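Q: Quick note: to get our numbering, add 27 to the position in the sequence shown (first position is 1).
All C-beta atoms, glycine included, are put in the ideal place defined by N, C-alpha and C.
Since this is a predicted model, take the numbers as computed values, not measurements.
Structure provided below as structure tokens; questions to follow.
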Amino acid sequence: MTGLSSPWYRSLSFIFLLSLLYANKSEAQRLEYDVIKGDKTVGYMLAEKKIKGDSVFYYIESETNIKMLLTFTVHYTLEELYVAGVLVSGSAESTLNGNSRTKSKVWMEGKEYVVEVNGYEEMRSSDPISYSVPELYFSEPGKKEETFSQQFAEYLIVKKDEEHLFTLYSEDGRNTHTYEDGVCTHVKLNRTYASFYFQLKQ
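Written as structure tokens, this is what we have:
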């Protein structure tokens, strides 16, 4: 594949836009969380949001150590770039003990989004994406009822449970977000095998 839709061109464009975003003075938010299971800290989660002009860049990174019969280390990263309020590109990867489990990419091909998971095209859509999972850490969903997830290549349901308390539903389980002063301070992750918590560091 050659031309403007090639993977090489998309990667170069993404890097160029990020370099512009970081080259000049910009507004940034950085949230750091402990990952807690029971009464023990078992990892960390970092969420960053950087704004420059009409561009917004999100970065999420987490690492969790799960001890059962063996120790499992799950590492996750996600990047997404918005321009003029619309998602233009992103990528994510999850690894288990250093081995890649899931890779996803989202980009625009003409006026269509293409979402690829583990090398397979999972979604095409011409509807603009203006809200996705990373923003859940930086502001309350308000009246929004769904959010885009490139990890699952689909929109996920967001439900308001009560004031400042929202639950995100996915095939993995439920994530319940608690907010103070508009920022997510606590996330409870309900999974079939265990429950975890993200607690914002003070």
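Starting from Ile93 and walking both ways along the beta strand (DSSP E), at which residues does that stretch end?
A: Its beta strand (DSSP E) spans residues 82 to 94.
Q: Unbroken beta strand (DSSP E) runs of length 3 or more, entirely within the segment 135 to 171: which are they?
A: Taking only runs of at least 3 residues, the beta strand (DSSP E) segments lying wholly in the segment 135 to 171 are 139 to 144, 147 to 152.
Q: For Ser166 and Gly209, what's the separation of their Cα atoms in angstroms?
A: Straight-line Cα distance between these residues: approximately 5 Å.
Q: Quick one: grab the DSSP three-state call for Arg201.
A: Here Arg201 sits in strand by DSSP.
Q: With burial defined as no fewer than 16 other Cβ atoms inside 10 Å of the residue's Cβ, what is the status of Thr219: buried or exposed?
A: Exposed, by the Cβ-count rule.
Q: In whole angstroms, what separates the C-alpha of Phe225 from that of Ser153?
A: Distance between the alpha carbons of Phe225 and Ser153: 34 Å.
Q: May I ask whether a heavy atom of the ligand GTP can be found less than 7 Å away from the beta carbon of Lys67?
A: Because no ligand of any kind appears in the structure shown, any question about the ligand GTP cannot be addressed here.
Q: Which of helix, strand or coil does DSSP assign to Asp188?
A: Residue state, collapsed to three classes: strand.
Q: Does the beta-carbon of Phe99 have 16 or more other beta-carbons within 10 angstroms, so that it is buried, or is it exposed?
A: Under this definition Phe99 is an exposed residue.
Q: Would a C-beta distance cut-off of 8 Å place Ser89 and Tyr71 closer than the cut-off?
A: In this structure, Tyr71 lies closer than 8 Å to Ser89 by Cβ.
Q: How many Å lie between Glu148 and Asn202 at the Cα?
A: Each residue's alpha carbon lies about 26 Å from the other.
Q: Roughly how many angstroms lie between the CA atoms of Ser127 and Gly137, to the nearest whole one?
A: Those two C-alpha atoms are separated by around 30 Å.
Q: Between Phe223 and Asp81, what straight-line distance do the alpha-carbon atoms span, to the nearest angstrom?
A: Going from the Cα of Phe223 to the Cα of Asp81 covers about 35 Å.
Q: DSSP has Gln226 in a bridge; who is on the other side?
A: Asp61, His213.
Q: Just the Cα atoms here: how many angstroms apart are Phe179 and Glu162?
A: Each residue's Cα considered, the two are about 16 Å apart.
Q: Helix or strand or just coil, what does DSSP make of Tyr220?
A: In the structure shown, Tyr220 sits in coil (DSSP, three-state: anything other than H, G, I, E or B).
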